């Protein structure tokens with residue numbers, strides 16, 4: 001159970017805005033740079049791009065799910081019943 005908890009924790013962390021996957025969506029990340037290069041609505045401040053930030057509709061949902069998954073992993077790891 002402890003390794004399952006660690007796996008959940010690591011998966012959650014990866015998708016947070018500062019994690020291995022999540023940081024790619026930041027304006028300076030591999031995916032975010034594309035939106036910045038296209039500009040307009042796709043930039044991090046544009047109508048579409050801003051929804052992918054950690055406070056936007058899409059990014060915020062992912063951030064919350066990642067945080068919840070990470071916390072659940074910590075719970076499972078510390079209480080392996």
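Numbering (full-length UniProt numbering), first residue to last: 1 to 81.
Each residue gets a CB set at the ideal place from its N, CA and C atoms; glycine is no exception.
Given the structure is predicted, the values throughout are model-derived calculations rather than measurements.
With a beta-carbon spacing of about 5 angstroms, residue 5 and residue 73 fall inside the 8 angstroms limit used to define contacts. Only buried fits residue 16, as 16 or more other CB atoms lie within 10 angstroms of its CB. Taking every protein chain shown into account, the CB of residue 45 has fewer than 16 other CB atoms within 10 angstroms, so this residue is exposed. Taking the Cα of residue 12 as reference, the smallest distance to any Cα among 76, 61, 78 and 71 is reached at 71.
Collapsing the DSSP output to three states places residue 41 in a helix.
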